[in-house]
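Visitor: Sharing a structure with you now.
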Amino acid sequence: MIAIVKYNAGNIRSVQNAIARLGYESLITDDPEELRKASKVVFPGVGEASSAMNCLRRQGLDTVILSLEQPVLGICLGLQLLCSHSEENDTECLGVFDARVRLFPPVDKVPHMGWNNFLTLKGDLFRGVGIEEDVYFVHSYYPEISSATTATCDYILPFSAAMQRGNFYATQFHPEKSALTGDRILKNFLEL
Amino acid sequence: MLKRRIIPCLDIKNGRTVKGINFVNLRDAGDPVELAAEYAAQGADELVFLDITATIERRKTLAALVERIAGKINIPFTVGGGIESVGDVSLLIGAGADKITINSSAVRNPGLISEIASEFGSQCVVVAIDTRFADNEWIVYVDGGRTPTNLFTRDWARKAEELGAGEILLTSMNSDGTRDGFSITVTSDVSSIVNIPVIASGGAGTLEHFRDVFWNSSCSAALAASVFHFGEIGIRDLKEYLKKEGIAVRTC
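From first to last, the protein sequence lines are chains A and B.
The first sequence begins at 8 in our numbering and counts up one residue at a time.
The second sequence begins at -13 in our numbering and counts up one residue at a time.
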């Protein structure tokens, strides 16, 4: 069973819909036991970093997430919360990735909203995906490039479009809203 | 590179897709879920659904439709029509909409923009502005284009951004339904004065119209309805054309 972490962030249903379209069942839950025994865990999110972190801490989900050993996929805010710190309301995050999340400088439209391709790409999540393919982004804060970076994208400046460390995978873009390319990436994760 | 987006708009009435000519004379154009899936397959970058009958009793029907759409399509979509409260938004976002769009209710109650943005994030708040050029000024209209306000379009666009709108859907009523092309002046003006994406709308009739609005303004997206619904312009052909004309678009 695939578990989707339930907390106060939006976009959770879309992730479940996308997983269902690929033929997998999933469960939206905040129960630590269900999360621990799931074969895969998806940690999605659209929202604001500090209120999301507060919610995770209140529910004790911060320690549960950090203790997971199966493949985990953070999406969008999920990725940012797996980083060490976010400039969004100066928030200490989970620290799985040794990278900081910063606000885009306003030299172009913010949020970075729409379809963008990759600059670089590597790792299991991107089997069968080319750097010229576009995926859907919506974000005003970006994760810096670090040793965990597996894909980069350029908007205003180069940033991490995806990261991986051990069993923790994450995408800044929304695979669940990224048409066939997104389906491929989600499928790659579900088949890990 | 960030791509310019092509957005088919589906006007919904009683669960069917319709397109008005200058906001009246509705013609039937098909099942919204079928159309949505077809557009997604052709390479539409996003979809917008406007419930033009939006009354309170329709709201739940709309949520059910949104749920069917969300189960079927793998690109982002926006829903609008008669949204007046955070509760209305909650119902639609809960059913699977990625963004909502508000128009008259935002003009009457600008605080609604901030309320929705703080609850669900700016990325899901699309402020739709219907504008008409009259007496040498672009003026904001409400009530589906029936009622003029005393707001200048550029002022309202800036204000909407300040209040937390994530995007502006700008419809030129002078062009809407004419198929004579997008209104370049107002699109260019508004997209240059706000730092959020602007979607150009109203007037699309030919491939060149899309090229021209992208060439001559910094709009992020172009929206159209009837030219897509009646099959006059195929989304795949449109994107191939735009690419040849040097505009960054997603092809698939």
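Cβ coordinates follow ideal geometry from the N, Cα and C atoms, glycine included.
These numbers come from a predicted model, not from an experiment.
Here's the rule: buried if 16 or more other CB atoms are within 10 angstroms of the residue's CB, otherwise exposed. What is K116/A?
Guide: The residue is buried, with at least 16 neighbouring Cβ atoms inside 10 Å.
Visitor: Mapping DSSP to helix, strand and coil, what is N123/A?
Guide: Reduced to three states, the DSSP call for N123/A is strand.
Visitor: Note down the Cα distance separating A106/A from T192/B, rounded to an integer number of angstroms.
Guide: Looking at the two C-alpha atoms, the distance is approximately 47 Å.
Visitor: Given that a residue counts as buried once 16 or more other Cβ atoms are within 10 Å of its Cβ, and exposed if not, what is T171/B?
Guide: T171/B comes out exposed.
Visitor: Going along chain B in order, which residues have a C-beta closer than 7 Å to the C-beta of L187/A?
Guide: Going along chain B in sequence order, the residues near L187/A (Cβ under 7 Å) are C238.
Visitor: Mind the definition here: the segment 76 to 86 of chain B touches the segment 12 to 23 of chain A only if three or more C-beta pairs lie below 8 Å; say whether that holds.
Guide: Result yes; three or more Cβ-Cβ pairs closer than 8 Å.
Visitor: Mind checking if Y162/A is an interface residue toward chain B, Cβ cutoff 8 Å exclusive?
Guide: Y162/A counts as touching chain B.
Visitor: Report the rounded CA-to-CA distance for E183/A versus I192/A, giving the unit in angstroms.
Guide: In a straight line, the C-alpha of E183/A is about 9 Å away from that of I192/A.
Visitor: Rounded to whole angstroms, what is the Cα-Cα separation between L84/A and D121/B?
Guide: So the two alpha carbons sit approximately 46 Å from each other.
Visitor: Where does K(-11)/B land, buried or exposed, given buried means 16+ other C-beta within 10 angstroms?
Guide: So K(-11)/B counts as buried.
Visitor: F63/B: which of A103/B, S104/B, Q109/B, S203/B sits nearest, CA to CA?
Guide: When each option's Cα is compared against that of F63/B, the closest is Q109/B.
Visitor: Does the segment 173 to 185 of chain B come close enough to the segment 167 to 177 of chain A that 3 or more CB-CB pairs lie under 8 Å?
Guide: The answer is no - the segment 173 to 185 of chain B does not touch the segment 167 to 177 of chain A, with fewer than three Cβ pairs under 8 Å.
Visitor: Using only CA atoms, which one of A92/B, F138/B, S206/B lies nearest to G67/B?
Guide: Considering only alpha carbons, the answer is A92/B.
Visitor: Of all the alpha helix (DSSP H) runs that stay within the bounds of the segment 47 to 99 of chain A, which reach a length of 4 or more residues?
Guide: As far as the segment 47 to 99 of chain A is concerned, its whole alpha helix (DSSP H) runs of at least 4 residues are 56 to 65, 68 to 74, 84 to 89.
Visitor: Do S91/A and G102/A have their C-beta atoms closer together than 8 Å?
Guide: A contact, by the Cβ cut-off of 8 Å.
Visitor: Within the chosen definition, does the segment 60 to 69 of chain A reach the segment 26 to 35 of chain A through at least 3 CB pairs nearer than 8 Å?
Guide: No, they do not touch.
Visitor: Comparing the C-beta of E153/B with each C-beta of chain A, is any distance below 8 Å?
Guide: So, interface residue.
Visitor: Just mark S158/B as buried or exposed, buried being the case when its beta carbon has 16 or more other beta carbons within 10 Å.
Guide: Looking at its Cβ environment, which holds 16 or more other Cβ atoms inside 10 Å, S158/B is buried.
Visitor: Taking 8 Å as the CB-CB limit, is F106/B close to chain A?
Guide: Closer than 8 Å: yes.
Visitor: Could you check whether the Cβ of S100/B sits closer than 8 Å to any Cβ belonging to chain A?
Guide: It does not: the Cβ of S100/B has no partner Cβ on chain A nearer than 8 Å.
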